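2 protein chains.
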Amino acid sequence: MADGHRGITPQREDFSAWYNELVTKAGLVDRGPVRGTMVIRPYGYRIWELLQADLDERIKATGHQNAYFPLLIPESYLRREAEHIEGFAPELAVVTHAGGKDLDEPLVIRPTSETIVGEMMAKWISSHRDLPLLLNQWSNVVRWELRPRLFLRTTEFLWQEGHTAHIAADDAMAETMLALAFYQDLATQTAAMSPIAGEKTPGERFAGAERTFTIEAMMRDGRALQAGTTHFMGENFARAFGIQYTSSAGELRFCNTTSWGMSSRMVGGVIMTHGDDRGLVLPPALAPYQVVIVPLGRGDQAQDVLPAAIDLAARLTAAGVRTHLDDREQLSPGFKFNDWELRGVPIRLELGPRDLAAGTSVLARRLGEGKEAVPLASITERVVDELSAFQDMLLARATEFRELHTATVDTWPQFVAAVARGWARAFHCGQKACEDEIKAETAATPRCIPLDGEPETGLCIRCDLPSAYGKRLVFGRAY
Amino acid sequence: MADGHRGITPQREDFSAWYNELVTKAGLVDRGPVRGTMVIRPYGYRIWELLQADLDERIKATGHQNAYFPLLIPESYLRREAEHIEGFAPELAVVTHAGGKDLDEPLVIRPTSETIVGEMMAKWISSHRDLPLLLNQWSNVVRWELRPRLFLRTTEFLWQEGHTAHIAADDAMAETMLALAFYQDLATQTAAMSPIAGEKTPGERFAGAERTFTIEAMMRDGRALQAGTTHFMGENFARAFGIQYTSSAGELRFCNTTSWGMSSRMVGGVIMTHGDDRGLVLPPALAPYQVVIVPLGRGDQAQDVLPAAIDLAARLTAAGVRTHLDDREQLSPGFKFNDWELRGVPIRLELGPRDLAAGTSVLARRLGEGKEAVPLASITERVVDELSAFQDMLLARATEFRELHTATVDTWPQFVAAVARGWARAFHCGQKACEDEIKAETAATPRCIPLDGEPETGLCIRCDLPSAYGKRLVFGRAY
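In structure tokens form, the structure reads like this:
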């Protein structure tokens with residue numbers, strides 16, 4: 149087709165158009181009536197629920213507890229931490245009128261909850277015995293977006309935000325790294341993305357943090373997606389909100405705090421990591437339907453096959469496989485094949501009268517080589533194996549793609565070429581002005597100081613001053 | 149103690165003070181900084197999560213899918229359904245300023261989502277094949293409250309809202325009753341409350357609904373708590389938002405829609421149904437900890453017992469029992485006993501050096517007769533049985549309490565006496581003015597026309613006109 153499969157612009161032609169068309173056509177999401185808002189449709193929301201369930205388990209298994217803090221925050225709270233208000237002021241949505249009256253003090257809709265959590269922590273913590281306090285919240289937040297993009301940057305988004313308070317700075321740093329491991333593991337093991345973990349440069353830190361860490365994943369257009377961040381606050385928020393404890397020696401001290409967040413933008417990351425011109429490609433761990441069964445044949449023939457298809461679906465479901473039987477009568481098998489390819493279902497099972505007679509079903513994978521007849525007697529074990537192999541294959545493919553599109557560079561022309569198609573590992577002087585120049589010329593920013601980077605020094609890729617950080621940074625254009 | 153156990157006002161003295169003190173002291177919830185808002189602390193949020201998980205399963209098992217609609221709704225949307233805006237206008241919180249600018253059109257924070265869901269349904273539905281459309285959303289909503297009360301009426305609360313569209317009015321009515329059964333089953337089987345299900349009188353209907361159904365539970369002060377409502381909208385919202393489909397005969401028709409909601413106020417209902425002067429009493433199905441283990445003995449003795457306590461906790465956890473080992477060193481067993489009574493844990497297991505030597509643990513229930521030594525060898529089976537019996541006992545007790553405090557009355561003095569201590573089953577003429585008079589004199593309102601009421605007619609309890617509805621109404625003072 150001239151305009152690509154199913155009327156979707158091919159990735160190479162316009163990646164951004166491909167993405168916007170696909171997320172809508174695959175039924176993941178729709179634009180909301182208010183600029184920059186989105187409606188997450190059931191197929192997209194199920195992916196988010198699967199991400200949530202996975203991360204929630206990691207969070208709870210390490211002693212954190214869920215809680216819920218109010219949506220509306222007095223504007224004055226945000227002003228208590230100077231960098232925090234400076235960072236968030238331009239993005240705030242403000243309630244000035246409620247219950248039929250003008251409010252005495254404007255209320256902001258939370259853009260993040262450090263301030264209100266800080267206020268409550270100050271009330272709850274008095275002794276060292278109250279620490280550590282390990283909280284997490286699943287919620288919506290609002291940040292006014294000038295350049296919205298579905299899932300990736302929306303005026304309202306869904307996320308979790310961890311908020312913890314500790315005695316020692318070391319404990320808070322350990323927590324910051326633990327949360328980073330949650331995100332790295334979730335993204336790698338569950339989303340089959342292959343992000344790298346690292347620290348943000350000072351210019352890219354969270355507003356009010358002493359150190360910010362990130363996982364950065366490479367999308368199929370070579371751009372970086374920040375897919376989760378964790379922040380070590382030191383005593384900044386504790387001082388702003390009076391979060392203090394009495395030590396075992398009876399001294400009053402400030403806590404060290406952290407915060408960390410993963411959001412619905414991760415759904416966008418999954419799409420842009422695995423999708424192709426035929427549509428979505430979903431990792432089995434996040435696929436609403438891991439297997440779709442399409443009965444073949446029309447009229448009476450279809451009626452003969454249907455009981456066997458229902459039985460097959462029941463067996464797979466009983467084996468823990470999320471299975472969908474597509475028994476829509478008015479649609480042809482070919483239409484259904486295309487539809488489920490578009491929607492990224494990992495495995496399709498076809499069941500026709502001839503298959504049934506042979507005691508087999510035809511198995512087709514969303515990626516990879518042709519179809520294969522599989523005996524119905526052993527099909528559940530086979531499907532479970534195939535799903536596991538599909539998950540592994542996606543992760544391997546994402547890792548290979550990232551490595552192929554990352555270059556270690558020492559000259560400016562090499563750098564420019566590298567960030568035009570992917571990422572560059574390069575030395576940098578650590579100066580904000582130099583970062584800004586690089587961004588102005590190439591649109592690339594320092595994504596992170598990779599945790600696993602080799603200790604190395606050299607000259608700044610841009611200005612030839614000696615490198616900072618003791619290792620190369622990863623640069624790339626970002627979402 | 150003069151002021152009741154643990155400094156909590158006794159229920160008989162001031163039920164409202166008892167409630168407010170208990171929810172805070174038991175660590176369920178705290179007041180937020182903005183008037184009428186609440187912070188749900190981990191112990192309270194866990195109860196909500198258990199309610200959510202249970203209801204979510206019921207919702208999904210019947211073919212509904214979760215989705216997510218935006219928090220912010222253009223004010224004009226609410227005006228499209230005349231009764232709807234009239235009902236909600238006084239409670240709206242309005243965003244007038246965002247992203248550093250005044251907005252062209254004010255946005256309201258959703259008080260409920262019929263309008264924005266209606267707008268999107270109109271976009272998604274075109275054919276009869278798209279129906280029924282069965283959606284549900286877990287979210288926060290904001291309704292400005294003049295008389296806030298933690299969990300029961302807060303400016304922001306958490307809830308689920310089901311929204312469905314159907315071809316026929318009968319289908320939508322069946323859905324309305326199905327959702328009512330979700331709530332009745334959740335409240336009865338899981339929350340061990342004993343609500344009655346019925347229809348609201350016209351004066352108590354949801355703004356924009358043709359029929360509203362409710363479950364009404366009796367609290368231990370005899371008042372009613374509306375714990376879940378379901379609404380049959382007929383074509384009202386379909387006409388306001390253009391939710392239309394083409395029938396199989398090719399005709400363009402309006403859908404019939406429903407909506408239904410259950411909220412965090414249910415947590416308040418659990419507390420007021422089961423709690424006593426010693427603190428919370430939690431039904432095992434909703435208890436964050438079903439069993440708490442308290443090791444006895446101090447110093448070296450405690451150290452001897454601890455490994456056995458850890459082993460016991462592990463065995464119970466493996467058997468699916470939510471178990472907490474209270475190994476806080478600085479607190480006495482007596483303090484811990486009181487603390488876990490206050491927090492409503494159904495079963496306490498004590499383990500001291502002498503118990504250990506005898507191969508037993510002392511089991512104490514939150515309600516009911518004394519302690520009992522139970523052999524450690526068979527303790528998991530015993531605990532599972534005890535939890536089940538405790539759950540059944542709470543439901544039986546709530547049912548008995550409701551029946552004891554509900555009177556069938558035919559004279560005005562009987563009515564006044566009945567609603568002063570509980571509920572009255574009485575005839576009513578169906579006139580709004582008469583309902584208002586009854587409320588003005590007794591604070592009682594018609595809670596519902598009970599589904600299981602006997603067909604009966606008589607004279608209005610207040611004005612002697614012939615009764616409407618064909619059966620007695622249930623009247624009571626409500627939260």
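Chains as they are written, first to last, in my numbering: chain G, 149 to 627; chain V, 149 to 627. Where a beta carbon is used, it is the ideal one built from N, C-alpha and C, also for glycine. Quick caveat, the model's predicted, so the values are computed rather than measured.
Query: Determine which residues share a DSSP beta bridge with V:Leu430 and list them.; Result: BP columns for V:Leu430 are empty, so no partner.
Query: Taking 8 Å as the threshold (C-beta atoms), are V:Met269 and V:Leu281 in contact?; Result: yes
Query: Any idea what DSSP makes of G:Val567, helix, strand or coil?; Result: helix
Query: Hey, does V:His314 have any beta-carbon neighbour from chain G nearer than 8 Å?; Result: no
Query: Which runs of the beta strand (DSSP E) fall wholly inside the segment 227 to 273 of chain V and span at least 3 residues, in chain order?; Result: 241 to 246 and 249 to 257
Query: What are the boundary residues of the alpha helix (DSSP H) that G:Cys582 is part of?; Result: Lys580 to Thr590
Query: Taking V:Val177 as the reference, which of V:Asp503, V:Asn284, V:Arg413 and V:Ala555 has the closest Cα?; Result: V:Arg413
Query: Could you have a look at G:His314 and say whether DSSP puts it in helix, strand or coil?; Result: strand
Query: What does the Cβ neighbour count give for G:Ala506, buried or exposed, with the cut at 16 atoms within 10 Å?; Result: exposed
Query: Alpha carbon to alpha carbon, how far is G:Ala174 from G:Pro190? Give it in angstroms, no decimals.; Result: 11 Å
Query: Using a threshold of 8 Å, state whether the C-beta atoms of V:Phe389 and V:Gly356 are closer than that.; Result: no
Query: Measure the CB-CB distance between V:Thr338 and V:Ala433 and report whether it falls below 8 Å.; Result: yes
Query: Starting from the C-beta of G:Leu226, find all residues in its chain whose C-beta is less than 7 Å away, skip the five residues before and the five after it, and write them out in chain order.; Result: His232, Ile233, Phe236, Val256 and Thr263
Query: Name the DSSP beta bridge partners of V:Gln374, please?; Result: V:Glu364
Query: For G:Ala313, I'd like the list of residues in its chain whose CB is within less than 7 Å of its CB, leaving aside the five on either flank, ordered along the chain.; Result: Met269, Ile273, Leu279, Pro280, Leu281, Ile391, Cys403 and Thr405
Query: State the start and end residues of the unbroken beta strand (DSSP E) segment that holds G:Asp178.; Result: Val177 to Arg179
Query: In chain order, what residues of the same chain have a beta carbon less than 6 Å from the beta carbon of G:Thr376, not counting five sequence neighbours either side?; Result: This sequence places Gly at residue 376 of chain G; Thr is not what is there. Contacts found: Tyr331, Ile363 and Met410.
Query: Specify the secondary structure class of G:Arg514 as computed by DSSP and reduced to three states.; Result: coil
Query: Is it right to say V:Gln374 is buried, meaning 16 or more other beta carbons lie within 10 angstroms of its own, or is it exposed?; Result: buried
Query: Looking at C-alpha atoms only, which residue of V:Ser275, V:Pro296, V:Lys249 and V:Asn214 is the closest neighbour of G:Gly247?; Result: V:Pro296
Query: Quick check: the Cα distance between G:Gly423 and G:Trp286, rounded to an integer number of angstroms?; Result: 27 Å
Query: Quick one: which chain G residues come within Cβ less than 7 Å of V:Leu268?; Result: A small fix is needed here, since residue 268 of chain V is Met in this sequence, not Leu. Those are Asp178 and Val187, listed as they occur along chain G.
Query: In the structure shown, what three-state DSSP assignment does V:Ser224 receive?; Result: helix
Query: Is G:Thr157 helix, strand or coil by DSSP?; Result: coil
Query: On the CB-based measure, 16 or more other CB atoms within 10 Å of its CB, does V:Thr559 come out buried or exposed?; Result: exposed
Query: Looking at chain V, is there any beta carbon in it that lies within less than 8 Å of the beta carbon of G:Leu219?; Result: yes
Query: Listed from N- to C-terminal order along the chain, which residues in the segment 243 to 270 of chain G have their beta-carbon within a distance smaller than 8 Å of any beta-carbon of chain V?; Result: Val243, Thr244, His245, Ala246, Gly247, Gly248, Pro254, Leu255, Ile257, Ile264, Glu267 and Met268
Query: Using a Cβ-Cβ distance under 8 Å, would V:Pro238 count as near chain G?; Result: yes
Query: What is the DSSP secondary structure of V:Gln478, counted as helix, strand or coil?; Result: coil
Query: In chain order, what residues of the same chain lie with their CB nearer than 7 Å to the CB of G:Gly382, ignoring the 5 residues before and after it?; Result: Ala317, Glu358 and Asn404
Query: Less than 8 Å between the CB atoms is what I'm expecting for V:Thr349 and V:His379, so what's the real figure, rounded?; Result: So it is not a contact: roughly 14 Å between Cβ atoms.
Query: What alpha helix (DSSP H) runs, 4 residues minimum, are completely inside the segment 398 to 479 of chain G?; Result: 413 to 422 and 448 to 466
Query: Put V:Thr210 into one of helix, strand or coil per three-state DSSP.; Result: coil
Query: From the DSSP output, in three-state form, read off G:Thr556 for me.; Result: strand
Query: For G:Cys611, which residues of its own chain have a beta-carbon under 6 Å away from its beta-carbon, when the five flanking residues on both sides are left out?; Result: Cys577 and Cys582
Query: Between which two residues does the beta strand (DSSP E) holding G:Leu282 run?; Result: Leu281 to Val290
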